[in-house]
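The sequence shown begins at 17 in the working numbering and counts up by one.
Ideal Cβ positions, reconstructed from N, Cα and C, are used throughout, including at glycine.
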Amino acid sequence: TDVHPAWLPLEAFRAIGSRHCLVRGTGRLVDTVVVEVERACAEHGGSVRREVEGPSPSLVLALVTAVGDGGPAELDAALAELHAADDGPLGEEGYAVARHGNVTVVLADQPAGLLYGLFHLTRLGESAFGAPHAVQRYRPAMRRRMLDHWDNVDVHPVLGQVERGYAGGSIFWRDGRPRSDRDRVRAYARLLAACGVNAVAVNNVNVHATEARLLTDRLDDVAQIADELRPYGIRVHLSVTFAAPIVLAALPTADPLDDAVRAWWAETTRAVYARIPDFGGYVVKADSEGQPGPFSYGRDHADGANLLAEVLASHGGVVHWRAFVYNHRQDWRDRSIDRARAAFDHFAPLDGRFRDNVIVQVKHGPMDFQTREPVTPVITAMPGTRLAVEFQVTQEYTGQQRHVCYLAPYWSEALRFGWGDDGRTVSDVAADGGGLVAVSNVGDDPFWTGHPLAQANLYAFGRLAWDPRLRPAEVLDEWIELTFHPDTSADPELLRRTLHEIMDDSWRTYERYTAPLGVGFMVRPGHHYGPDVDGYEYTSWGTYHFADRDGVGVDRTQATGTGFTGQYPRPWSRVYESPDTCPDELLLFFHHVPYEHVLHSGRTVIQHIYDTHFDGVAEVESTRLRWTSLVGLVDAAVHARVTERLDEQLRCAREWRDQVNAYFHRKSGVPDAHGRPLH
Ligand code: GCW
17 TDVHPAWLPL
27 EAFRAIGSRH
37 CLVRGTGRLV
47 DTVVVEVERA
57 CAEHGGSVRR
67 EVEGPSPSLV
77 LALVTAVGDG
87 GPAELDAALA
97 ELHAADDGPL
107 GEEGYAVARH
117 GNVTVVLADQ
127 PAGLLYGLFH
137 LTRLGESAFG
147 APHAVQRYRP
157 AMRRRMLDHW
167 DNVDVHPVLG
177 QVERGYAGGS
187 IFWRDGRPRS
197 DRDRVRAYAR
207 LLAACGVNAV
217 AVNNVNVHAT
227 EARLLTDRLD
237 DVAQIADELR
247 PYGIRVHLSV
257 TFAAPIVLAA
267 LPTADPLDDA
277 VRAWWAETTR
287 AVYARIPDFG
297 GYVVKADSEG
307 QPGPFSYGRD
317 HADGANLLAE
327 VLASHGGVVH
337 WRAFVYNHRQ
347 DWRDRSIDRA
357 RAAFDHFAPL
367 DGRFRDNVIV
377 QVKHGPMDFQ
387 TREPVTPVIT
397 AMPGTRLAVE
407 FQVTQEYTGQ
417 QRHVCYLAPY
427 WSEALRFGWG
437 DDGRTVSDVA
447 ADGGGLVAVS
457 NVGDDPFWTG
467 HPLAQANLYA
477 FGRLAWDPRL
487 RPAEVLDEWI
497 ELTFHPDTSA
507 DPELLRRTLH
517 EIMDDSWRTY
527 ERYTAPLGVG
537 FMVRPGHHYG
547 PDVDGYEYTS
557 WGTYHFADRD
567 GVGVDRTQAT
577 GTGFTGQYPR
587 PWSRVYESPD
597 TCPDELLLFF
607 HHVPYEHVLH
617 SGRTVIQHIY
627 DTHFDGVAEV
637 ESTRLRWTSL
647 VGLVDAAVHA
657 RVTERLDEQL
667 RCAREWRDQV
677 NAYFHRKSGV
687 PDAHGRPLH
């Protein structure tokens with residue numbers, strides 16, 4: 017079956033491929049640039065060469081070190097300008113673009129930069145060859161821009177080939193072995209490079225028996241994937257089990273302070289680098305949801321992480337140690353336990369104890385990728401630790417790629433969130449620390465992501481990791497231009513406008529018809545799709561809304577609740593502490609309030625619940641109608657797939673509306689002010 021080209025259709029290379037191109041420099045990734053330009057030219061009639069002699073080019077892509085031995089004057093001019101600007105080196109991945117006369121020049125210090133510069137040109141399209149302009153520089157905000165695949169090698173009896181995967185099987189693994197279609201992996205690498213991703217963890221953080229062996233006797237499988245990703249500047253990382261010395265080598269312990277354990281990790285890691293010299297490092301989920309960890313030996317997370325960091329250090333590797341640690345066997349009767357507090361309680365006291373090449377990887381919210389959460393206070397609590405912020409591109413809690421839910425506005429809000437006086441934002445912490453990580457939403461589905469519009473989330477993650485200042489709507493513009501090339505359609509404006517209308521606000525639409533005001537969950541336990549208001553209320557996972565006849569929400573205040581608000585620095589500890597200052601959208605995350613509590617919006621909580629649920633469904637209805645107007649303007653297979661998903665979204669949204677409204681009507685006895693049916 018044909019695989020959808022996502023944001024790299026041949027059309028995206030028209031402007032490049034119709035020109036005479038000169039590529040200067042050597043290196044693996046320069047070769048990749050040449051392959052890309054050759055492919056573009058074969059399609060669009062241009063030409064490419066690597067030697068200066070020949071007809072004068074209109075596009076030059078050159079390593080700075082390869083300038084000066086001939087070539088067009090415009091190239092020298094661009095380089096002189098770059099040097100004159102005196103703005104520091106472009107670095108490993110940066111590039112500069114200039115246009116002089118009728119020559120467009122891309123310069124980079126390193127091959128990876130040249131590749132990113134090439135993909136920059138696909139975004140510019142024909143405008144890259146328009147009016148002359150002085151040199152412009154681009155450097156990534158985050159050094160590491162990473163995707164974690166929750167892919168299993170063996171099919172897991174409950175969770176399948178991909179845990180929380182909504183796009184078919186894994187692109188890496190199938191029934192216990194690497195997939196044979198390696199071209200697919202290569203195509204994935206291209207897409208990732210084109211949006212800026214440069215690291216991939218190839219297996220689930222829940223490491224089961226077969227997956228554990230990827231570290232040792234199954235290492236060749238990992239090496240094979242690394243070979244496909246390498247030409248696009250992507251390094252491979254591996255999720256490992258902390259119990260590996262026991263599981264793989266029959267040692268009696270995995271105690272991080274045990275000499276034999278250390279020796280085993282050192283030797284095993286040496287073997288990994290002998291096979292995969294540019295290996296990125298390990299990802300570890302320890303003492304979390306049943307995964308083994310240092311707690312069994314009376315050690316803490318710093319002991320555990322430092323053990324692995326130490327053996328990785330001499331090879332230039334890092335360990336991503338996840339902060340997603342909480343008690344998942346709690347007693348729902350015990351109101352003193354608060355899952356939101358857990359990551360901070362476990363990790364903040366360890367600040368300063370982690371080695372340099374430990375990256376503590378923390379979910380952006382204190383709970384678990386809910387549709388609306390505050391930013392986790394862990395991000396401000398560990399100034400002496402390199403932190404990476406983790407997002408969930410796979411839509412576990414946001415419609416599972418059956419609902420349209422463009423997540424860039426959510427991520428952008430989180431990245432721009434500031435801590436107060438010093439003005440540092442979440443993205444500053446990630447940029448100075450370990451970068452951004454996200455759980456991938458890709459599978460072996462012909463559209464990559466199940467829902468074709470969910471491709472935009474993957475694209476947006478990469479772009480925001482490269483430049484967190486980009487506005488979500490402008491990222492969507494890029495994605496629309498590349499993916500749909502509206503100018504070749506019968507009605508470019510209708511196409512652009514409609515996609516924006518459908519996607520810009522889709523995250524808030526999803527929020528409106530699901531769990532209200534930041535309270536979270538209310539999903540079906542286990543698979544997490546569809547409504548179940550009390551689904552987790554009496555389980556051990558710690559995610560309660562405490563609704564009764566008088567009110568709803570979780571009291572996380574210092575005054576009368578779990579004290580979670582006290583984990584924030586000022587001003588946020590104060591802002592969240594009082595329902596008067598707490599933002600409406602997070603009210604029920606921080607407070608238990610009466611149904612008649614009046615929001616800043618002027619509405620009562622109960623009326624807000626009713627209104628937003630009716631509004632949310634109405635918005636899905638108009639989305640569905642809007643999409644029908646695009647028939648003939650987008651690829652027929654894409655149109656059909658999205659239509660089918662929208663039908664399901666509407667069905668499910670109505671179910672959410674009716675269950676949530678009925679539930680709160682029955683609890684509160686308050687009728688809808690507008691007399692609509694509440695069931
Ligand atoms: O959101 C939860 C998911 C689990 C996942 C876990 C995690 C991979 O339901 O499937 O495990 O988070 O982030 O480790």
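Classified as buried, Leu134 has 16 or more neighbouring CB atoms from the shown chains inside 10 Å of its CB. Distance from the CA of Arg661 to the CA of Glu494, rounded to the nearest whole angstrom, comes to 23 Å. Following the DSSP letters along the chain, one finds Arg479 inside the alpha helix (DSSP H) bounded by residues Gln471 to Trp482.
Judged by DSSP secondary structure, Cys37 falls outside any alpha helix (DSSP H) and instead within the beta strand (DSSP E) spanning His36 to Arg40.
Contact check for Asp170 and Gly192: beta-carbon distance about 5 Å, within the 8 Å limit, so the pair qualifies. In this structure, the beta-carbon distance from Gly449 to Arg402 falls below 9 Å. At a Cβ-Cβ threshold of 9 Å, Arg657 and Phe463 count as neighbours. Per DSSP, the beta-bridge partners of Ala114 are Val121. Taking C-beta atoms as the reference points, Pro272 and Gly320 count as a pair closer than 9 Å. The three-state secondary structure of Ala279, taken from DSSP, is helix. Between Gln417 and Gln408 a beta carbon distance of about 12 Å is seen, past the 8 Å cut, so the two are scored as non-contacting.
Judged by beta-carbon spacing, Leu602 lies within the 9 Å limit of Leu533, meaning their Cβ atoms are closer than that value. In the three-state reduction of the DSSP assignment, Ala302 falls in the coil class, being assigned neither a helical nor a strand state.
Non-local C-beta neighbours of Gly87 in its own chain, meaning closer than 6 Å and more than five positions away in sequence, comprise Val68, ordered along the chain. At a threshold of 8 Å, Trp166 counts as near the ligand GCW, since its beta carbon sits closer than that to one of the ligand's heavy atoms. Residue environment: Asn219 is assigned as buried (16 or more neighbouring CB atoms within 10 Å of its CB, all protein chains considered).
Within the same chain, Cβ atoms closer than 6 Å to the Cβ of Arg345 are found at Ser556, the five residues on either side in sequence being excluded. In the DSSP annotation of this structure, the continuous segment of the beta strand (DSSP E) that includes Arg402 starts and ends at Arg402 to Gln408. When secondary structure is reduced to three states using DSSP, Gly84 falls in the coil class, being assigned neither helix nor strand. Taken atom to atom, the span from the alpha-carbon of Glu637 to that of Phe630 is near 11 Å.
For Trp427, no beta strand (DSSP E) run applies; the uninterrupted alpha helix (DSSP H) run containing it begins and ends at Ala424 to Arg432, by DSSP. Setting aside the 5 residues that flank it on each side, Ala259 is surrounded in the same chain by Ala270 and Pro308, each with a C-beta closer than 7 Å to its C-beta; the list follows chain order.
With a cut-off of 8 Å, the C-beta of Arg180 is classified as near the ligand GCW, since at least one heavy atom of the ligand falls inside that distance.
Look at Pro194 here: in three-state DSSP terms it is strand. Excluding its 5 nearest sequence neighbours in each direction, Pro261 has C-beta neighbours in its own chain below 8 Å: Leu267, Thr269, Ala270, Ala276, Val277, Trp280 and Trp281, listed in chain order.
If you look at Ala94, you'll find it in the alpha helix (DSSP H) that goes Ala89 to Ala101. For Pro156, the CB contacts under 6 Å within the same chain, skipping 5 residues up- and downstream, are Glu109 and Trp482 in chain order.
Distances between the C-beta of Lys301 and the heavy atoms of the ligand GCW include at least one below 8 Å. In the DSSP assignment, Ile375 forms a beta bridge with His336 and Arg402. Distances from the CA of Met383 to each of Arg524, Arg357, Pro585 and Asp303 were compared; the closest alpha carbon is that of Arg357. Taking a C-beta distance under 9 Å as the contact criterion, Ile187 and Arg206 do not qualify as a contact pair.
Ser143 is the residue among Val621, Gly400 and Ser143 whose C-alpha sits nearest the C-alpha of Phe29. Beta bridge pairing from DSSP links Tyr154 with Tyr111. Nearest neighbour of Gly618 by Cα position, chosen from Gly104, Pro599, Asn373 and His467, turns out to be Pro599.
Between Gly70 and Ser34, the gap from beta carbon to beta carbon reaches 9 Å or more. Looking at the DSSP output, Ala217 shares a beta bridge with Asp164 and His253.
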